[in-house]
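To keep things clear, I will list the structure first and then write my remarks on it.
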Amino acid sequence: MRRIVYAMMKIRQDQLADAKVPQNRIEECGAMFAELDKSLSGIASANTFKEVMTSADFTYALEEFVQRQMMPGYTRMQFAFEPLVKMDVVPNFQQVDRYQQRAGLEDLEYVGEKAQARPGSVVDATPRRYSVYRWEKQFDFSYEALVNDDLQYFQNLATLMGEAARRTLERFVSRMYTNAVTIARLTVLGALYWTTGRLTTNRVSTARMAFGQRVDDRNSPMEADLKYIVYHRGLQDTVSQILNSTQVAELATNAVNVVSFTPIKDPHMAGTAPNLPWFAFTDYNASGVIPFVLARLQGRPGPLILRKKSDTESATSLLGGGGAVDPILGDFASGNIVLKVSDVWGTYIDGTEGNMFDSRGCYGSSGTAP
Amino acid sequence: MTTAQEVKDLKEELRALKAALGIRETEVVSAEDRADFIAPGSEQHVAFLGLVPAESGNGDHITYTSPRTGTTYRLEDEIMAFMNFHDPEKAAQLTLQQKVNELEIPPTVPESAPPIWRP
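Protein sequences, first through last, are from chains A and B. The first sequence maps to residues -17 to 352 in our numbering. The second sequence maps to residues 23 to 141 in our numbering.
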């Protein structure tokens, strides 16, 4: 027997002896190495040397057997913010100006005989200026990770990227009214804009009354009805109770519930129970009172997924013909495959007004007063 | 030239430049000047919430004395708004308490409010 094969045999036998393997198995191991040595010398054996699995090995195999499987991921909580923001399309990344007429003309005046009418005046339009910005994230994967992905972990990558883009936009919209500047402005505007009460039927009625007292730039009454209640997700049951009950819910009595609104759950709104904030907004389609605006770039109505082109010029197999470079080959230097999800949006940003395009469309509460 | 004077001059130049370029500042009307302004906790706020200051122990009305200020209020209308309730008195009492809390707890910006996003 060759010295190297003999050494390997002894090592293996010692290993087996350390593992307290039965003697017959140690001897079987010696016979196998002898068979191996013979086959290396070209001596044909009556027995075909092949991998065997003894009953003892099978026990180990059972212990080591692992089945891998992907379980479905989490379902994302969604925020249907579309009714709250007026969509605008801008031609490029430069700032755009928008003007809104927020007052009518003056009332007429009695004019006596032979008298001349006094000149009237026009209230200046309210200007708003904003622009859009790029929102992107880059993800790169190694060639090995994608090839090794027998579980198809990366298969739903496009879906996840789309979800990430949507979630970012949702957080952006949520922050339009939850940010400190917007709320500080609402606070300054007085009790018809910001309050402290927790969400109850009575307080929804108070919010509706507050909207009912809105006036335009000329102090004339205007339509600004409460349409949407946007609430912290912790208020889900409170909202359902208020809406679904034919009675006033929180008083546990039988008074008829006359409160109606469209609820919108904002999963991104921060708050600690029981002080959970809630907001009320107008329907800009019905009243022209636009609480917020969301600007998008012309030709970019939604997110895009971009894949970086491989910078390898050609792929030629030494065993056969060449061909076009498969994108999975990725970057020439590192083999990385680079993807990017990209979207473009913006809104009105002001140091005083916050993100409110028109504060008359907003009413909110910190939810601190019981 | 002092630093203060330099800053003043720069601000003046910036204002002139903005005017030349047609960049308009947002005109923000003072909140107090708006016709729909009601100061929180004010008499107008009391009226808006349908509350009336009252004397404690007034047997004719349901009253609630604030533990914060000691002020006593009653509802302006404690009949019509609650006439469909099985227990109008209880409903009125709870509503009164809610309204007084809302009146007296000063409006603040929640600590959880994030800063405004700026590019």
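Where is the CB? At the ideal position from N, CA and C, for every residue including glycine.
Can you grab the Cα-Cα spacing for the pair residue 332(A) / residue 121(A), in whole Å? The residue labelled residue 332(A) in the question sits at position 350 within the first sequence. The residue labelled residue 121(A) in the question sits at position 139 within the first sequence. In this structure, the CA atom of residue 332(A) is about 33 Å from the CA atom of residue 121(A).
Report yes if the C-beta distance between residue 276(A) and residue 69(A) is below 8 Å; otherwise report no. Counted from its first residue, the first sequence places residue 276(A) at position 294. Counted from its first residue, the first sequence places residue 69(A) at position 87. Yes, they are a contact pair.
Neighbour list for residue 141(B) in chain A, Cβ cutoff strictly below 9 Å: Start at 1 with the first residue of the second sequence, and residue 141(B) comes out as number 119. Chain order gives the chain A residues near residue 141(B) as 113, 115, 328, 331, where near means a beta carbon separation below 9 Å.
By the 10 Å Cβ neighbour count, where 16 or more other Cβ atoms means buried, how is residue 30(B) classified, buried or exposed? The count along the second sequence starts at 1 and reaches residue 30(B) at position 8. Exposed, because fewer than 16 other Cβ atoms sit within 10 Å of the Cβ of residue 30(B).
Extent of the continuous beta strand (DSSP E) run through residue 2(A): Indexing the first sequence from 1 puts residue 2(A) at position 20. Unbroken run through residue 2(A): none, as it is neither H nor E.
Rounded to whole angstroms, what's the CA-CA distance from residue 216(A) to residue 330(A)? Just pull it up for me. Counted from its first residue, the first sequence places residue 216(A) at position 234. Counted from its first residue, the first sequence places residue 330(A) at position 348. Distance between the alpha carbons of residue 216(A) and residue 330(A) is about 29 Å.
Which residue from -2(A), 328(A), 83(A) puts its Cα closest to that of residue 12(A)? As a working mapping, residue 12(A) is identified with position 30 in the first sequence. Taking residue 12(A) as reference, the option from -2(A), 328(A), 83(A) with the minimal CA-CA separation is -2(A).
Span separating the alpha-carbon of residue 119(B) from that of residue 86(B): Position 97 of the second sequence, counted from the first residue, corresponds to residue 119(B). Position 64 of the second sequence, counted from the first residue, corresponds to residue 86(B). In this structure, the CA atom of residue 119(B) is about 7 Å from the CA atom of residue 86(B).
Chain A beta carbons: is any one of them nearer than 8 Å to that of residue 60(B)? In the second sequence, residue 60(B) corresponds to position 38, counting from 1. Yes, residue 60(B) lies at the interface with chain A (some Cβ there is under 8 Å from its Cβ).
Taking just the CA atoms, how far does residue 28(B) sit from residue 38(B)? One-based indexing of the second sequence puts residue 38(B) at position 16. One-based indexing of the second sequence puts residue 28(B) at position 6. Within the model, the alpha-carbon separation for residue 38(B) versus residue 28(B) is close to 15 Å.
Name the chain A residues that come within less than 8 Å of residue 124(B), Cβ to Cβ? Along the second sequence, read from residue 1 onward, the residue named residue 124(B) stands at position 102. Chain-order list of chain A residues neighbouring residue 124(B): 177, 178, 179, 185, 188, 351, by C-beta distance under 8 Å.
Could you tell me whether any Cβ in chain B is nearer than 8 Å to the Cβ of residue 348(A)? In the first sequence, the residue the question calls residue 348(A) occupies position 366. Taking Cβ atoms only, chain B reaches closer than 8 Å to residue 348(A), which makes this a yes.
Whole-Å CB distance - residue 67(A) paired with residue 85(A), under 8 Å assumed: Counting from one through the first sequence, the residue named residue 67(A) turns up at place 85. Counting from one through the first sequence, the residue named residue 85(A) turns up at place 103. Cβ-Cβ separation between residue 67(A) and residue 85(A): approximately 24 Å, too far for a contact (criterion under 8 Å).
Residue 83(B) versus residue 89(B): straight-line alpha-carbon distance, rounded: The residue given as residue 83(B) occupies position 61 in the second sequence. The residue given as residue 89(B) occupies position 67 in the second sequence. Going by C-alpha positions, residue 83(B) is about 19 Å away from residue 89(B).
Contact list for the region 134 to 149 of chain A against chain B, Cβ threshold 7 Å: Answer in chain order: no residues at all.
Distance, residue 334(A) Cα to residue 234(A) Cα: Within the first sequence, the letter at position 252 stands for residue 234(A). Within the first sequence, the letter at position 352 stands for residue 334(A). Only weak support exists for where residue 234(A) lies, its pLDDT of 49 falling under 50; the value from the coordinates is given anyway. The straight-line gap from Cα to Cα measures roughly 42 Å.
Can you name the residues of chain B whose CB is closer than 7 Å to the CB of residue 252(A)? As a working mapping, residue 252(A) is identified with position 270 in the first sequence. Within chain B, 134 have C-beta atoms less than 7 Å from the C-beta of residue 252(A), given in sequence order.
Output yes if chain A places a C-beta closer than 8 Å to the C-beta of residue 118(B); else output no. For the purposes of this step, residue 118(B) is identified with residue 96 of the second sequence, where counting begins at 1. Answer no: the Cβ-Cβ gap between residue 118(B) and chain A never drops below 8 Å.
Does any C-beta atom of chain A lie closer than 8 Å to the C-beta of residue 138(B)? Indexing the second sequence from 1 puts residue 138(B) at position 116. The Cβ of residue 138(B) sits closer than 8 Å to at least one Cβ of chain A.
Can you pull the chain A neighbours of residue 67(B), defined as C-beta to C-beta under 7 Å? Within the second sequence, residue 67(B) is the residue found at index 45, counting from 1. Those within 7 Å of residue 67(B) in chain A are 173.
In chain A, which residues lie with their C-beta within 7 Å of the C-beta of residue 53(B)? Within the second sequence, the letter at position 31 stands for residue 53(B). Going along chain A in sequence order, the residues near residue 53(B) (Cβ under 7 Å) are 170, 171, 172.
To the nearest angstrom, report how far apart residue 292(A) and residue 129(A) are at their CA atoms. Locating residue 292(A) in the first sequence gives position 310, where the first residue counts as 1. Locating residue 129(A) in the first sequence gives position 147, where the first residue counts as 1. Between residue 292(A) and residue 129(A), the C-alpha separation is close to 16 Å.
Is the distance from the Cβ of residue 343(A) to the Cβ of residue 168(A) below 8 Å? Taking the first residue of the first sequence as position 1, residue 343(A) is located at position 361. Taking the first residue of the first sequence as position 1, residue 168(A) is located at position 186. Going by C-beta atoms, residue 343(A) is not nearer than 8 Å to residue 168(A).
Contact between the region 206 to 223 of chain A and the region 261 to 273 of chain A is defined here as three or more beta-carbon pairs at a separation below 8 Å; is this criterion met? Contact holds: three or more Cβ-Cβ distances are below 8 Å.
Does any residue of chain B have a CB that is nearer than 8 Å to the CB of residue 61(A)? Counting from one through the first sequence, the residue named residue 61(A) turns up at place 79. No, no contact with chain B.
At a Cβ threshold of 8 Å, is residue 306(A) touching chain B? As a working mapping, residue 306(A) is identified with position 324 in the first sequence. Interface with chain B (8 Å Cβ-Cβ cutoff): residue 306(A) is excluded.
So which residues on chain B does residue 201(A) lean against when the C-beta distance must stay under 7 Å? Indexing the first sequence from 1 puts residue 201(A) at position 219. Within 7 Å of the CB of residue 201(A), the CB atoms of chain B belong to 57, in sequence order along the chain.
Note down, in chain order, every chain A residue with its Cβ under 7 Å from the Cβ of residue 131(B). Taking the second sequence and counting its residues from 1, the one referred to as residue 131(B) is at position 109. Under the 7 Å cutoff, chain A gives 162, 165, 166, 169.
Under 8 Å between C-beta atoms of residue 320(A) and residue 118(A): For this step, residue 320(A) is matched to residue 338 along the first sequence. For this step, residue 118(A) is matched to residue 136 along the first sequence. By the CB criterion at 8 Å, residue 320(A) and residue 118(A) fall outside the cutoff.
Per DSSP, the bridge partner or partners of residue 244(A): To locate residue 244(A), count along the first sequence from 1; it is residue 262. Checking the DSSP bridge columns, you'll see residue 244(A) partnered with 210(A).
On the DSSP letters alone, give me the boundaries of the alpha helix (DSSP H) that residue 168(A) sits inside. For the purposes of this step, residue 168(A) is taken as the residue at position 186 of the first sequence. Counted as a single uninterrupted DSSP element, the alpha helix (DSSP H) harbouring residue 168(A) occupies residues 162 to 171.
Where does the unbroken beta strand (DSSP E) through residue 112(A) begin, and where does it stop? By one-based count along the first sequence, residue 112(A) stands at place 130. Note, residue 112(A): beta strand (DSSP E), 108 to 112.
Count Cβ pairs between the region 94 to 106 of chain B and the region 51 to 59 of chain B that sit closer than 8 Å; are there 3 or more? Taking 8 Å as the limit for Cβ pairs, the verdict is that the region 51 to 59 of chain B does not touch the region 94 to 106 of chain B.
From residue 130(B) to residue 178(A), what does the alpha carbon distance come to, in whole angstroms? Against the second sequence, residue 130(B) aligns to sequence position 108. Against the first sequence, residue 178(A) aligns to sequence position 196. Distance between the alpha carbons of residue 130(B) and residue 178(A) is about 8 Å.
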